[in-house]
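Taken in order, these protein sequences are the chains called A and B. Just so you know, we're using the working numbering here: the first sequence kicks off at 727 and counts up by one. Just so you know, we're using the working numbering here: the second sequence kicks off at 31 and counts up by one. Shown next, in structure tokens, is the structure this report addresses.
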Amino acid sequence: MAKVLVVTSGKGGVGKTTSAAALGAALAQGGQSVVVIDFDVGLRNLDLVMGAERRVVFDLINVVQGVAKLPQALIRDKRIDTLWLLPASQTRDKDALTEEGVARVISELRGKFDWVICDSPAGIERGATLAMRFADVAVIVTNPEVSSVRDSDRMIGLLDSKTERAEKGERIEKHILITRYDPARAARGEMLNIEDVLEILSTPLIGIIPESEEVLRASNLGSPITLSNAASAPARAYLAAARRLKGEDVPMTIPSDRKGLLDKLFGRRAA
Amino acid sequence: MTMFGFRRMSILGFFRRRGSAPVARERLQILLAYERGVRGQSDLLAILREEILAVIGKHVPVERENVQIKMDRGDTVSMLEIDVEIPNSADGLLAAGA
Numbered sequence: 727m728a729k730v731l732v733v734t735s736g737k738g739g740v741g742k743t744t745s746a747a748a749l750g751a752a753l754a755q756g757g758q759s760v761v762v763i764d765f766d767v768g769l770r771n772l773d774l775v776m777g778a779e780r781r782v783v784f785d786l787i788n789v790v791q792g793v794a795k796l797p798q799a800l801i802r803d804k805r806i807d808t809l810w811l812l813p814a815s816q817t818r819d820k821d822a823l824t825e826e827g828v829a830r831v832i833s834e835l836r837g838k839f840d841w842v843i844c845d846s847p848a849g850i851e852r853g854a855t856l857a858m859r860f861a862d863v864a865v866i867v868t869n870p871e872v873s874s875v876r877d878s879d880r881m882i883g884l885l886d887s888k889t890e891r892a893e894k895g896e897r898i899e900k901h902i903l904i905t906r907y908d909p910a911r912a913a914r915g916e917m918l919n920i921e922d923v924l925e926i927l928s929t930p931l932i933g934i935i936p937e938s939e940e941v942l943r944a945s946n947l948g949s950p951i952t953l954s955n956a957a958s959a960p961a962r963a964y965l966a967a968a969r970r971l972k973g974e975d976v977p978m979t980i981p982s983d984r985k986g987l988l989d990k991l992f993g994r995r996a997a
Numbered sequence: 031m032t033m034f035g036f037r038r039m040s041i042l043g044f045f046r047r048r049g050s051a052p053v054a055r056e057r058l059q060i061l062l063a064y065e066r067g068v069r070g071q072s073d074l075l076a077i078l079r080e081e082i083l084a085v086i087g088k089h090v091p092v093e094r095e096n097v098q099i100k101m102d103r104g105d106t107v108s109m110l111e112i113d114v115e116i117p118n119s120a121d122g123l124l125a126a127g128a
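Pasting the structure below:
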């Protein structure tokens with residue numbers, strides 16, 4: 727039974743695309759078949775973050791408008807067989823997306839994949855509302871920072887009122903993914919801590935991605951971080967979050983790249 | 031600010047510095063309590079406007095744009111302001127009153 731997952735946040739720049747790519751890759755690494763759809767029409771970037779920018783021929787809007795068939799637009803990842811990408815259009819405007827068209831594409835993808843991951847654009851306009859419209863599960867990407875938390879709260883409200891599930895009176899599963907977390911600054915009271923964010927948003931946690939240089943490195947290389955450096959702290963955090971999405975009981979930790987004294991003495995052991 | 035005042039603040043600030051996260055947390059809690067209350071309120075106002083229009087329209091001809099509804103939220107009470115403009119013509123209010 728396919729699950730449609732939206733990665734959303736309201737605020738821009740918090741790590742939606744990075745997280746959609748990393749969670750998609752992590753689920754695929756765990757043996758699931760996954761398609762990640764870029765809903766950011768006019769400003770596509772998922773193709774670049776996943777390293778498929780030179781292989782885009784057709785896009786979501788071409789499929790929605792019937793110009794191309796779905797299999798023509800889907801791009802298979804070169805590293806993992808079960809990971810696919812459906813890019814956004816770079817030229818059309820977001821009004822070219824229709825609810826009926828998106829419904830048709832998502833229902834077709836449900837028949838082919840275990841996970842359909844919708845990478846939402848920032849904001850609360852058409853692209854963002856359509857990205858969440860048919861979701862069963864939502865991952866709300868939140869930075870421990872006031873404007874991001876406020877926007878996440880707004881998105882939670884929209885998920886509970888404007889999705890197809892909400893309108894049918896069904897529950898939509900919602901999870902907070904905290905990104906760019908700095909445990910040391912949080913401990914010094916310089917950054918909202920995990921408990922603060924969860925209490926304010928009253929939504930359960932799916933993972934904590936620590937602030938790390940490795941994230942930028944992965945996007946420079948055009949590879950989801952779980953593929954480019956699976957042993958890095960953020961990759962381990964995404965891999966654990968993906969297992970939790972599958973329903974596995976994985977203890978919540980904040981992975982760290984810092985080497986402890988024992989690590990330094992005895993060499994690094996893989997986590 | 032005087033030089034003395036400035037220096038005193040920064041010295042006090044140095045000793046009292048405990049991090050800004052508690053301030054962020056408190057500001058968010060207050061703001062979101064308010065915003066969650068306001069959420070959906072625009073829908074409420076739209077519904078009220080339609081129903082008021084229908085009730086008054088049964089008796090007096092009213093133009094849609096002549097019904098204004100506003101909600102001012104206060105700390106303890108909120109004020110609902112309904113402003114209905116009714117034409118003062120013979121077949122308007124007078125006819126309905128007859």
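Each residue gets a CB set at the ideal place from its N, CA and C atoms; glycine is no exception. Only a predicted model underlies this, so the values are computations on that prediction, with no experimental measurement involved.
For this session: Give every residue of the same chain whose Cβ lies closer than 6 Å to the Cβ of Arg891 of chain A, excluding the five residues on either side of it in the sequence, and list them in chain order.
Result: Ile898
Problem set entry | Proximal chain A residues relative to Ser108 of chain B, where beta-carbon distance stays under 9 Å | Chain A residues near Ser108 of chain B: none, gap ~20 Å exceeds 9 Å.
Problem set entry | Neighbourhood of Ala794 of chain A by C-beta distance below 6 Å, restricted to the same chain and skipping five residues each side | Phe784, Asn788
For this session: With DSSP collapsed to three states, give me the class of Val782 of chain A.
Result: coil
Exercise. For Met109 of chain B, which residues does DSSP report across the bridge?
Worked result: B:Asp102
Exercise. What are the complete alpha helix (DSSP H) segments, minimum 4 residues, inside the stretch 932-992 of chain A?
Worked result: 939-947, 951-954, 959-971, 987-992
Exercise. With a cut-off of 8 Å, do at least 3 Cβ pairs link the stretch 910-917 of chain A to the stretch 756-767 of chain A?
Worked result: no
For this session: Name the residue from B:Glu56, B:Gly49, B:Glu65 whose alpha carbon lies nearest to the alpha carbon of Ser878 of chain A.
Result: B:Glu65
For this session: Please determine if the stretch 819-835 of chain A and the stretch 740-752 of chain A are in contact, where contact requires at least 3 C-beta pairs separated by less than 8 Å.
Result: no
Problem set entry | Any chain B beta carbon closer than 8 Å to Asp877 of chain A | no
Problem set entry | Min CB distance Arg94 of chain B to chain A below 8 Å | no
For this session: Out of A:Ser873, A:Asp840, A:Arg830, A:Leu885, state which residue places its alpha-carbon closest to the alpha-carbon of Ser846 of chain A.
Result: A:Leu885
For this session: Say whether chain A places a C-beta atom closer than 8 Å to the C-beta of Arg103 of chain B.
Result: no
Exercise. Can you list, in chain order, the residues of its chain whose CB lies under 6 Å from that of Glu111 of chain B, leaving out five sequence neighbours each side?
Worked result: Lys100
Exercise. Who are the near neighbours of Glu851 of chain A in its chain, counting only those whose CB is closer than 8 Å to its CB and skipping five residues on each side?
Worked result: Lys820
For this session: Please list the residues of the stretch 52-66 of chain B that have a C-beta atom closer than 8 Å to any C-beta atom in chain A, keeping them in chain order.
Result: Pro52, Ala54, Arg55, Arg57, Leu58, Gln59, Leu61, Leu62, Glu65, Arg66
Exercise. Is there contact here, the stretch 918-935 of chain A with the stretch 728-736 of chain A, by at least three beta-carbon pairs under 8 Å?
Worked result: no
For this session: Between the Cα of Pro909 of chain A and those of A:Val782, A:Glu921, A:His901, A:Ile902, spot the shortest distance and give me the residue it belongs to.
Result: A:Glu921
Problem set entry | 7 Å CB neighbourhood of Leu83 of chain B in its chain, flanking five on each side removed | Val92, Arg94, Val97
For this session: Given a cut-off of 8 Å, decide if Val761 of chain A and Leu800 of chain A are closer than it, judged by their beta-carbon atoms.
Result: yes
Exercise. In the DSSP assignment, what are the bridge partners of Arg876 of chain A?
Worked result: Beta-bridge pairing links Arg876 of chain A to no other residue.
For this session: Please state whether DSSP places Ile850 of chain A in a helix, a strand or coil.
Result: coil
Exercise. Beta carbon of Ser759 of chain A, beta carbon of Asp840 of chain A: below 8 Å?
Worked result: yes
Problem set entry | Selection from B:Leu78, B:Pro52, B:Val68, B:Ile86 that minimises the alpha carbon distance to His115 of chain B | Reading the sequence as shown, one finds Glu at residue 115 of chain B and not His. Checked all of B:Leu78, B:Pro52, B:Val68, B:Ile86; the closest Cα to Glu115 of chain B is B:Ile86.
Exercise. Would you say Met881 of chain A faces chain B, with C-beta separation under 8 Å as the test?
Worked result: no
Problem set entry | Neighbour-count burial assignment, Arg962 of chain A, 16 or more Cβ in a 10 Å radius | buried
For this session: Please decide whether Asn869 of chain A counts as near chain B, where near means a Cβ-Cβ distance under 8 Å.
Result: no
For this session: Go through its chain and collect everything with a Cβ distance to Val740 of chain A's Cβ below 8 Å, but skip five positions before and after it.
Result: Val867, Thr868, Asn869, Ser874, Thr905, Arg906
For this session: Answer yes or no: do Leu856 of chain A and Val828 of chain A have a C-beta to C-beta separation smaller than 8 Å?
Result: yes
Exercise. Hey, which unbroken runs of the alpha helix (DSSP H) at 4 residues or more fall wholly within the stretch 784-833 of chain A?
Worked result: 786-790, 796-799
For this session: Report buried or exposed for Ala996 of chain A, applying the criterion of at least 16 other Cβ atoms within 10 angstroms of its Cβ.
Result: Residue confidence is low: Ala996 of chain A scores 44 on pLDDT, short of 50, so the model does not pin down where it sits. Its coordinate-derived value is still stated next. Ala996 of chain A should be labelled exposed.
Problem set entry | Cβ neighbours of Thr889 of chain A in the same chain (closer than 7 Å, five flanking residues each side left out) | Met858, Arg859, Ala861, Ile898
For this session: Might you give, ordered along the chain, the residues of its own chain that have their beta carbon closer than 6 Å to the beta carbon of Asp113 of chain B, omitting 5 neighbours on each side?
Result: Gln98
Problem set entry | Residues that Gly49 of chain B contacts on chain A, provided the C-beta gap is smaller than 7 Å | Arg914, Gly915, Glu916
Exercise. Which residue spans inside the stretch 855-936 of chain A form an unbroken beta strand (DSSP E) run of at least 3?
Worked result: 863-868, 899-907, 931-936
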